[in-house]
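Beneath this line is the structure, given in structure tokens, with notes to follow.
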Amino acid sequence: MKYSPRSESRKFIIPSFFFIIALCVLAFINELRFDSLLSFGRCALSHVPMNNGSSETPLLSSSLSSSDDEIRILVGILTLPDQYPRRNFLRLIYGTQAIPDGVKIDVKFVFCNLTKEDQKVLVALEIMRYDDIIILNCNENMNKGKTYTYFSSLPNLFNETDAPNPPYHYVMKADDDTYIRLESLVASLRPLPREDLYYGYVIPCPSMDPFVHYMSGMGYLVSWDIAVWLKDSEIPKKHLEGPEDKVFGDWIREGRRGKNRFNAKWSMYNFPEPPTRCTHELWPDTIAVHLLKNQEKWIRTLKYFNVTSNLKPSKLYHIP
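Numbering (numbering that gives the first Met the number 0), first residue to last: 0 to 319.
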């Protein structure tokens with residue numbers, strides 16, 4: 000039999016041609032399957048409710064659209080009139096934090112009526128310079144109604160007719176030994192409702208269920224409508240004394256408020272030393288660190304989060 004190179008080439012080319020076609024068809028089918036699977040996954044995820052440890056009302060609400068980036072937050076830091084160095088320090092802490100576009104965050108220092116002559120001068124100078132102080136009509140206290148006076152006063156303090164309504168979507172009470180990372184706070188609030196919201200670090204420490212008890216006084220936040228309710232309700236007026244965070248939780252429970260709750264644990268926590276059931280090590284996914292009782296703890300926390308990373312180089316200073 001005579002050998003023909005052309006015949007052998009045809010035998011090789013024809014099967015190769017059909018093999019290539021088969022590969023193309025298989026790739027096309029797989030691409031269709033992948034796109035379908037991806038579309039199915041997106042559809043399934045879009046219907047998953049956010050319900051952080053709760054067996055009750057889902058946290059997602061029609062009152063907040065995911066495309067609505069505008070958020071207005073008031074952070075009230077409860078402190079004392081004589082705490083001038085602490086306020087100036089906290090002004091550095093919060094004044095140098097980046098705020099996302101479309102977000103308004105007002106940090107105010109909150110205390111009761113002034114009682115000393117030097118306070119009347121020095122606090123007045125602070126107000127003239129910074130305009131970040133709220134003086135409540137009360138006698139200075141921690142657990143005898145100051146928190147109630149703060150929240151219930153807000154609707155009348157911010158009722159300007161030419162202001163947005165509501166003036167703030169969320170109002171927060173925080174301690175002056177708490178470091179709040181504002182950008183992280185905003186990110187955690189974006190998917191949450193703007194009505195009937197109660198947000199914070201749930202107590203007791205081991206619990207992850209925001210409906211168990213109450214939110215820690217290190218820093219808890221409610222939607223504006225709850226502040227309005229506190230102003231009008233008789234419930235808190237009957238029960239003002241006691242640990243302020245626990246008492247606040249009692250009002251919410253008795254008034255059947257806070258159907259939308261968010262437990263920010265473990266992005267909120269106590270400083271790791273001394274170790275307790277409420278502490279853990281500093282980590283990147285942090286909204287707030289509590290119990291920064293001295294400068295050493297503040298410095299360790301600020302260094303961990305590298306808060307001076309945006310310091311611009313200059314011939315005027317050298318910081319190694």
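For every residue, glycine included, the Cβ atom is placed at its ideal position computed from N, Cα and C.
Check the Cα spacing between residue 200 and each of 317, 145, 248, 158: the tightest is with 248. A contact is defined here as three or more CB-CB pairs under 8 Å, and the segment 265-277 fails this definition with respect to the segment 249-257. DSSP places residue 115 in no alpha helix (DSSP H); its state is neither H nor E. Rounded to the nearest angstrom, the Cβ distance from residue 79 to residue 109 is 10 Å, too far for a contact under 8 Å.
Here residue 170 is actually not in contact with residue 97; their C-beta atoms are around 22 Å apart, not less than 8 Å. Under the three-state reduction of DSSP output, residue 144 falls in the coil class, being neither helix nor strand. Between residue 260 and residue 197, the beta carbon gap of about 5 Å places them in contact (Cβ cut-off 8 Å).
Comparing alpha carbon positions, the residue from 180, 207, 251, 262 closest to residue 282 is 180. In the DSSP assignment, residue 260 falls within the unbroken beta strand (DSSP E) covering 259-262.
The segment 152-159 makes no contact with the segment 234-251; the number of CB pairs closer than 8 Å stays below 3.
Under the three-state reduction of DSSP output, residue 210 falls in the coil class, being neither helix nor strand. Per the coordinates, the alpha-carbon of residue 160 lies some 10 Å from the alpha-carbon of residue 166. Taken in chain order, the complete alpha helix (DSSP H) segments of 4 residues or longer contained in the segment 178-248 are 181-188, 223-231.
Here DSSP, grouped into helix, strand and coil, assigns residue 123 to helix. Within a 10 Å sphere around the beta-carbon of residue 172 sit 16 or more other beta-carbons, which makes this residue buried. As DSSP reads the structure, residue 103 sits in a beta bridge with 71.
For residue 172, the enclosing beta strand (DSSP E) stretches over residues 169-174. In this chain, residue 268 is not harboured by any alpha helix (DSSP H); it is covered by the beta strand (DSSP E) spanning 267-269. Rounded to whole angstroms, the separation of the alpha carbons of residue 115 and residue 185 is 38 Å.
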